[in-house]
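Number of protein chains: 2
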Amino acid sequence: MAEITSYPHRVEPQEVDFTLRASVASIINYMLNVAGTDAHNKGFGVDVLQGQSFTWVLSRLAVEIKSQPCQYDDIVVDTWVNEFNRLSSTRNFRVRRGDEVMAEGVSQWCMINMETRQAVDMSTLKDVYERAMVAEPSPIAVPARLRAIEPTTSTSRPVVYSDIDFNRHVNTLRYIDLVFDALPIELIENNHGMRIDLNFIAEARYGETLTIGGINDGNVWQFEISSDSDKTLCRAKISF
Amino acid sequence: MAEITSYPHRVEPQEVDFTLRASVASIINYMLNVAGTDAHNKGFGVDVLQGQSFTWVLSRLAVEIKSQPCQYDDIVVDTWVNEFNRLSSTRNFRVRRGDEVMAEGVSQWCMINMETRQAVDMSTLKDVYERAMVAEPSPIAVPARLRAIEPTTSTSRPVVYSDIDFNRHVNTLRYIDLVFDALPIELIENNHGMRIDLNFIAEARYGETLTIGGINDGNVWQFEISSDSDKTLCRAKISF
C-alpha cells in the first residue's frame, strides 16, 4: 500500500478566465497532468505502456468544484489510485490551497492497444499497480453513466490545428472548453459550486466537424458532442 | 543600466501541439508571461499602473522561430527593455534550451488609461524605466507595420467564454490560435523556421463575431482579423 502523493502548482495567467480564477478546463488539466506524472513516477506511465503499443484512455471523469483558485495562487494537487480491475482503474484528485479543499475529482481509465484501439486486459500491470494502491476512498461519487439527450440547441465547427493532440485527436480539454463556451456566461461568473460528469466515448480527428448539442432543466445542463456521421464523442452533465 | 534577466520554464503537456513541440502560441505566451513578470519585478507592472487606472497594451510583436522546444524541455526566456520614449517601449526576448537559441522576439508596448482607452504619456515612468534599460540591441528586426489586405479566404465565429481575458476582451493568444488554425497544417508540421509580424489594432468583446480573412503568396501568409461592423482587430504576416 502506498500514500497519497501531492504535486505543487502555481496558477499561471494563461490558466485563468475573465474572473481571474482558474477555469474549469484548467482545474481539470491540473488533474490530468498529475495523473500522467504520477503514473510515470509509479512505473505505469504512457512511456512504459508505449513499449507494448498500449496507452491510457480516460473513459469517465467527475469533478466537484467548491471554489476556483486565483491567478498566481500556489496550490497542491493530491492524487491516489484506489481501485483497479482487468478493465478499469480509478484515480482520485483533490485540489487544495493550503488546507482549503477547492476541487475534488474521480477518473476512470482503461488501457487500449494503440493499433487496434481495443481495450486491453490490465492484469499484466497487477504487481506494479498493487504497490501503488492507496487505502483511501474516492472523495466524491464516481462519474455517472450519461444517456443520450435530445438537444434543443446546437452549434457546429470544424476540428482545427489547435484542438488536436499527438494522435491528431481532439484534446480532452477542448471538450471542456466547448461545453463551458455553450453555457450562459453568468453561471460561470457567479459559480459558487458545481459538479461535472463527463463520459468520453469516441475520438474526433482533424478534418471532422464537431457538433455540440445542449439541453437545460433548472440548474442542470447536459451536452452531447458529436462529429461527422453522428458519432458521439463526449457527454457532459453540469449541475450548479 | 541593467542586465538581461532570465526566467526558467518547463514545457508542459498542454503547451505542445500534435508534433509534441511547443506551439507558436505557447512560445509567444512564454514571452508575454515573462514581460508581465519582469515589468512587475522592475517596478512598472500592471499592479503599479492600475493604481493610476493605467495599463500596458501590446501594440506590435515580431517573433522569429528557428526550432520549437519539446514537451518537458527545460528552457530559459531572456528578456530586456532597450528603448523607451513617451509613447512606446520596446521589450526583447530570447528563448533558449541551454545555449541553443530557439526563438527571438521584439515587442512594442504603449500605456493606456483604462477608462478613456487613450494612450498615456510614459514620461512619468522615466526614472524607474531608465534603471531597467539594457544596452543590448534587439535580436531581430522590429515588427513591421502591416497594411490592409484583400482576403481570398474567410471564416467567422462568435467570441466565446474561453476567448476572453479579465477585460472581457479577446485574449491576445487567441489571435495567434486563429491565425495558425487557418494555415495548412503541413506548414506547421514541417516548420524549419518562420518569422511572424503582428499588429494589434483594436479589441473584440464577448458577444461580437470574429472574421478571419487570409491571402497567400508563395511562402508568405497574411491574415486580418476583424469583428462586427468591420472593426480591424489584428493583422498578421507569417513568412516560412
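So the sequence lines, in the order shown, correspond to chains A and B. When the letters of the first sequence are read in order and numbered with our numbering, they come out as residues 1 to 240. When the letters of the second sequence are read in order and numbered with our numbering, they come out as residues 1001 to 1240. Glycine residues also receive a C-beta, built at the ideal position from the N, C-alpha and C atoms.
Can you tell me whether residue i is buried or exposed? The criterion is at least 16 other CB atoms within 10 Å of its CB, across all chains shown.
i: Thr1192 of chain B; result: In the sequence under discussion, the amino acid at residue 1192 of chain B is His, which differs from the Thr named in the question. His1192 of chain B comes out exposed.
i: Val34 of chain A; result: buried
i: Glu1224 of chain B; result: buried
i: Ser1021 of chain B; result: The sequence as given places Arg at residue 1021 of chain B; Ser does not occur at that position. Answer is buried; the Cβ neighbour count reaches 16.
i: Arg1205 of chain B; result: exposed
i: Arg1235 of chain B; result: buried
i: Val63 of chain A; result: buried
i: Asn171 of chain A; result: buried
i: Gln118 of chain A; result: exposed
i: Ala1135 of chain B; result: exposed
i: Ser1162 of chain B; result: buried
i: Asp121 of chain A; result: exposed
i: Asp17 of chain A; result: buried
i: Ser1156 of chain B; result: exposed
i: Ala1148 of chain B; result: exposed
i: Gln222 of chain A; result: buried
What separation, rounded to the nearest whole angstrom, lies between the Cα atoms of residue i and residue j?
i: Ile75 of chain A; j: Arg96 of chain A; result: 6 angstroms
i: Pro968 of chain B; j: Phe166 of chain A; result: Outside the displayed span of chain B (1001 to 1240) sits residue 968 of chain B, for which this structure offers no information.
i: Met114 of chain A; j: Glu130 of chain A; result: 24 angstroms
i: Met31 of chain A; j: Ser1006 of chain B; result: 29 angstroms
i: Asn29 of chain A; j: Leu61 of chain A; result: 12 angstroms
i: Ile1004 of chain B; j: Gln1108 of chain B; result: 17 angstroms
i: Asp1047 of chain B; j: Ser1053 of chain B; result: 10 angstroms
i: Gly45 of chain A; j: Ile1112 of chain B; result: 48 angstroms
i: Glu1208 of chain B; j: Arg1168 of chain B; result: 11 angstroms
i: Leu1187 of chain B; j: Gly98 of chain A; result: 45 angstroms
i: Leu146 of chain A; j: Leu198 of chain A; result: 8 angstroms
i: Val1220 of chain B; j: Ser1239 of chain B; result: 5 angstroms
i: Cys110 of chain A; j: Val142 of chain A; result: 15 angstroms
i: Ser57 of chain A; j: Pro137 of chain A; result: In the sequence as presented, Ser is not what sits at residue 57 of chain A; that position holds Val. Answer to the nearest angstrom: the Cα atoms are 22 angstroms apart.
i: Pro1139 of chain B; j: Val1106 of chain B; result: 7 angstroms
i: Ser1229 of chain B; j: Leu1210 of chain B; result: 10 angstroms
i: Asp50 of chain A; j: Leu178 of chain A; result: Asp is not the amino acid found at residue 50 of chain A; the sequence shown has Gln there. Distance between the alpha carbons of Gln50 of chain A and Leu178 of chain A is about 30 angstroms.
i: Lys1231 of chain B; j: Gly43 of chain A; result: 54 angstroms
i: Gly36 of chain A; j: Thr1019 of chain B; result: 18 angstroms
i: Gly218 of chain A; j: Thr116 of chain A; result: 42 angstroms
i: Met102 of chain A; j: Ala1182 of chain B; result: 38 angstroms
i: Gln71 of chain A; j: Ser89 of chain A; result: 32 angstroms
i: Ser1227 of chain B; j: Leu1173 of chain B; result: 16 angstroms
i: Gln8 of chain A; j: Pro1008 of chain B; result: Looking at the sequence provided, one finds Pro at residue 8 of chain A rather than Gln. One C-alpha to the other measures close to 17 angstroms.
i: Thr55 of chain A; j: Thr1055 of chain B; result: 46 angstroms
Let me make sure I understand the geometry here. Which of the options has the alpha-carbon closest to that of residue i?
i: Phe1200 of chain B; options: B:Phe1240, B:Glu1186, B:Ala1144, B:Val1220; result: B:Ala1144
i: Ser1026 of chain B; options: B:Leu1032, B:Glu1015, B:Gly1036; result: B:Glu1015
i: Asn41 of chain A; options: A:Ala2, A:Ser88, A:Thr209, A:Ser156; result: A:Ala2
i: Glu1104 of chain B; options: B:Ile1112, B:Arg1094, B:Val1048; result: B:Arg1094
i: Phe1084 of chain B; options: B:Val1101, B:Lys1126, B:Gln1050; result: B:Lys1126
i: Met1133 of chain B; options: B:Arg1091, B:Thr1019, B:Gly1051, B:Glu1203; result: B:Arg1091
i: Leu1233 of chain B; options: B:Ile1112, B:Val1159, B:Thr1037, B:Glu1186; result: B:Val1159
i: Lys1237 of chain B; options: B:Ile1176, B:Gln1118, B:Ser1088, B:Phe1044; result: B:Ile1176
i: Glu1100 of chain B; options: B:Asp1073, B:Gln1108, B:Ser1107; result: B:Asp1073
i: Ser123 of chain A; options: A:Ser59, A:Phe54, A:Leu87; result: A:Leu87
i: Val24 of chain A; options: A:Asp121, A:Val128, A:Ala119, A:Ile196; result: A:Ile196
i: Ala1202 of chain B; options: B:Ser1059, B:Ala1148, B:Gln1050; result: B:Ser1059
i: Ile164 of chain A; options: B:Ile1164, B:Leu1173, B:Phe1180; result: B:Phe1180
i: Ala1039 of chain B; options: B:Met1102, B:Val1128, B:Ala1182, B:Gln1071; result: B:Val1128
When every heavy atom of the ligand FMN is checked, does at least one fall within less than 6 angstroms of the C-beta of residue i?
i: Ile27 of chain A; result: This structure lacks the ligand FMN; in fact it carries no ligand of any kind.
Restricting to runs no shorter than 3 residues, where is the beta strand (DSSP E) found entirely within the segment 71-98 of chain A? 74-84, 89-97
Please determine if the segment 1076-1087 of chain B and the segment 1147-1162 of chain B are in contact, where contact requires at least 3 C-beta pairs separated by less than 8 angstroms. no
Meets three-Cβ-pair contact criterion under 8 angstroms: the segment 1064-1071 of chain B and the segment 1181-1197 of chain B: yes
Note down, one range per segment and in chain order, each alpha helix (DSSP H) of at least 4 residues found wholly within the segment 155-194 of chain A. 172-181, 185-189
Is it true that the segment 207-217 of chain A meets the segment 1004-1024 of chain B, where meeting means three or more beta-carbon pairs spaced less than 8 angstroms apart? Inter-segment contact for the segment 207-217 of chain A and the segment 1004-1024 of chain B is absent: fewer than three beta-carbon pairs are separated by less than 8 angstroms.
Just to confirm the assignment: which complete alpha helix (DSSP H) runs, minimum length 4, are found wholly within the segment 102-166 of chain A? 126-132
Ignoring anything shorter than 4 residues or poking outside the segment 1038-1064 of chain B, list the alpha helix (DSSP H) runs there in chain order. 1046-1050
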